[in-house]
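Read left to right, the sequence shown gives residues -25 to -1, 1 to 567 (mature numbering (1 follows the signal peptide of the UniProt record, and there is no 0)). C-beta atoms are modelled at their ideal positions from N, C-alpha and C, and glycine is treated no differently. These numbers were taken from a predicted model, which means no experiment stands behind them. A short worksheet on the structure shown next.
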Amino acid sequence: MKKFGLAAVSAMSFFSFSTVSPLQAESNEQEKEVIVVYKNQSGKKAVMEQAESVEHIYQQLHAAAVTADEKKVRNLEHDPDVLYVENNAAVKAAGIAPLKAVSSGTEQSTGSVTQWNVKLIQAALAWNKGLTGKRVKIAVIDSGIAPHEELSIAGGASMVSYTSSYHDDNGHGTHVAGIIGAKHNGYGIDGIAPDSQLYAVKVLDQNGSGDLKSILKGIDWSIRHGIDIINMSLVVSGDSQILHDAADKAYKKGLILVAASGNDGNGKPVHYPAAYSSVIAVSATNEKNRLASFSNTGGAIEFAAPGTSIISTSLHRGYAIGSGTSQAVPHVTGMFALLKQLDPASTNAELRRKMQFYARDLGASGRDSLFGYGLVRFKDTAAQAAFEKAQKAVGKAEKSKKKADIDAAQKAIDPLPADTDKTALKKRLARVKEQLKKTAESKVKLAEKQKKKANADAAQKAVNELYKGSFKTKLQKRIHSVRSSLLKSAQQAVSKAEKTASDANIGKAQKAINELLAGKDQMKLQKRLNTVKKKAALAYQQKVETAKAKVKTAEKRKTKKTKSAAQSAVDKLKASAAKKKLQKRLNAIKLK
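Below is the structure:
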């Protein structure tokens, strides 16, 4: 990685743009600049007739930027062939901290930095595979691009009124362009996609100011010139229907649009055009993969990228350091250029989905409002496949919480290169193991409390999923203690049944035996209880025979004494068909 000497090592420079509401009227002006979106040729004709002057006719947007007085603007607003009218909102740089110029690499300096940002997104892995953004056309819609030894400008256009040159006279656009496509020429800096075709689309002036009309020109130009990716390191504070429609039109044409989320600070909503679903919103991170304090956040955030103290090309063939979501955006643009070269046939929607697999998840699991799907970075195909396999295995282990799945996940993780991704997967797997411990301990406690075989079995199953160690040994001893307690209770119950073979005692003994594990102890106790049951059955059968004999005697003699003896014998029998039959016979005698 190339190093670059610095005269100073920190600075803040990011662009945020504010605008009055597109539909806000300025009643003190007789004439105003507006953008009229028409439905058809009749609408277009009406615009031409009503306008004082036509500034620009958009070829892809079915719109025109014109100057007209208020009355004619109202006429256009009510024309059935006109969709809507918007003011040409003024867009200006707000709260700018200039880029901090740094010394050349050959001069003596007080310190130096590497391109930490390029290293963090692992761009070198792509370069080693020959991925440098070849044949990918990128429009930098910004303040233009200045001539620089590190930059090759494929073309461009000026959308501002004061110059026909697309050369940068502010510095911002050149800084953005260097992050995307600075050459790999052995000095200065390395761009993420050095062989991409950079197009300078100048929409901002030397002060970083512009207007909605110019931004729309830039998008319209990009569609007409077959651009693959649009980089918009700018934000507009207000929503605009025409800007929204323009972004959607470009996206439907297959372009990838990437824009800054804004620099108002965490918790502030994502600005436009990044907030539109057809545009990829980017937040900024620092060297520690934490969200930059200035970065806006929200549900629209799709990806995050480095945005603090980024070194890049600047005016006068120099270099500068800047920070902001403006600097984060070109990292994402450059990464898309690499993926576009890798799979030229992929659609913009497919590339957006593919980028999710290359993103390193930061913050909350899955997409979140701070980092979106995560930090963009490159991974080679084999490594990516291995990582995805390990990630899937860990997910399965998290869901099943089975030792076999944990072992499979560990096996998938082990071959991965030692990096933050591997560490993250190992931590997730460690959490699964910790959850197993907590679950097992909870089930053992319940078994100790309930003293039931089902609870003991569940506890044993949970303990079986644990790995060998003192913790598992201790829980196993506690389960053995529960089993011993159940065995002792069963032994006492059988002894009581042997002593007094009542139905209640026999039932309790059988229930206690059923709570035991299948094995010798259970078999011995069951054998003893079966003996009790057999003796009890013989004794009961004897009672039945006695009752039958006494009922028969009562039927024969029909004396009060024989009837009473028979009733007493029948009463001692259990409720059954035999008892019912004997009672019926006895009742018949009593009626006579």
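Which residues DSSP lists as bridging residue i, in chain order
i: N50; result: According to DSSP, N50 bridges with nothing at all.
i: Q172; result: K112
i: L350; result: A279, R335
i: S28; result: T42
i: M207; result: A234
i: I194; result: For I194, which the question treats as bridged, DSSP gives no partner whatsoever.
i: V77; result: Y294
i: K547; result: In DSSP, K547 forms no bridge with anything.
i: V66; result: G185
Same chain, Cβ closer than 8 Å to residue i, neighbours up to 5 away in sequence not counted
i: S470; result: none
i: K376; result: V407, Q410, L411, T414, E440
i: S460; result: K426
Three-state class that DSSP yields for residue i in the structure shown
i: F269; result: coil
i: D343; result: strand
i: T288; result: strand
i: A493; result: coil
i: Y33; result: strand
i: G183; result: coil
i: Y59; result: strand
i: A250; result: coil
i: D165; result: coil
i: E6; result: strand
i: K452; result: helix
i: A256; result: strand
i: S133; result: strand
i: D117; result: strand
i: K158; result: coil
i: K14; result: coil
i: residue 597; result: Only positions -25 to 567 of the chain appear in this structure, which leaves residue 597 out of reach.
i: I481; result: helix
i: K177; result: strand
i: I96; result: coil
i: I388; result: helix
Neighbourhood of residue i by C-beta distance below 6 Å, restricted to the same chain and skipping five residues each side
i: L557; result: A522, V526, V545
i: A259; result: A267, S270, G282, T300, A303
i: G185; result: V66, V178, L179
i: Y174; result: A114, A129, G130, G131
i: I231; result: I204, F311, N323
i: K112; result: Q172, I202, D203
i: H123; result: T288, R292
i: G70; result: Here the model assigns G70 a pLDDT of 38, short of 50, so the residue's position is not dependable and the matter cannot be decided.
i: D144; result: Q181
i: A221; result: L36, L191, I194
i: S433; result: Checking the sequence shown, residue 433 turns out to be Ala, not Ser. Here the set comprises K418.
i: A121; result: H142, D143, T149, L290
i: V254; result: A222, L232, A234, P248
i: S118; result: D143, N145, H147, G148, L179
Residue i to residue j span [Cα, whole Å]
i: K20; j: I10; result: 14 Å
i: K315; j: L179; result: 28 Å
i: L561; j: K549; result: 16 Å
i: L58; j: N323; result: 28 Å
i: R453; j: V419; result: 7 Å
i: A484; j: L491; result: 11 Å
i: D445; j: I488; result: Correcting the residue type first, residue 445 is Ser in the shown sequence and not Asp. About 31 Å.
i: L51; j: Y13; result: 9 Å
i: K188; j: R265; result: 36 Å
i: S28; j: L345; result: 45 Å
i: L(-20); j: V77; result: A caution first: L(-20) carries a pLDDT of 37, below 50, which makes its placement in the model unreliable, though a value can still be read off. Answer to the nearest angstrom: the Cα atoms are 5 Å apart.
i: D54; j: G347; result: 42 Å
i: M23; j: E8; result: 14 Å
i: K192; j: T356; result: 39 Å
i: Q451; j: Q359; result: 41 Å
i: L326; j: A225; result: 15 Å
i: Q90; j: A152; result: 15 Å
Proximal residues to residue i (C-beta, below 7 Å), its chain only, five neighbours per side dropped
i: A553; result: V519
i: G242; result: T272
i: K401; result: I388
i: H306; result: N92, I96, I154, I167, A280, P281, V351
i: G229; result: T322, N323
i: D56; result: Y13, K14, N15, S17, G18, A21
i: L317; result: L106
i: Q497; result: I488, L491
Any non-hydrogen atom of the ligand FAD closer than 7 Å to residue i Cβ
i: H150; result: As for the ligand FAD, it is missing from this structure, which has no ligand bound.
Practice task
Report yes or no: do the stretch 231 to 249 and the stretch 210 to 223 share at least 3 C-beta pairs separated by less than 8 Å?
Solution key: At 8 Å Cβ cutoff, the stretches touch.
Handout entry: Sufficient close CB pairs (3 or more, under 8 Å) joining the stretch 149 to 168 to the stretch 97 to 108
Key = yes
Exercise for the section: For the stretch 318 to 338 and the stretch 152 to 162, state whether three or more C-beta atom pairs, one from each stretch, are separated by less than 8 Å. Expected result: With a cut-off of 8 Å on Cβ pairs, the stretch 318 to 338 is not in contact with the stretch 152 to 162, counting fewer than three such pairs.
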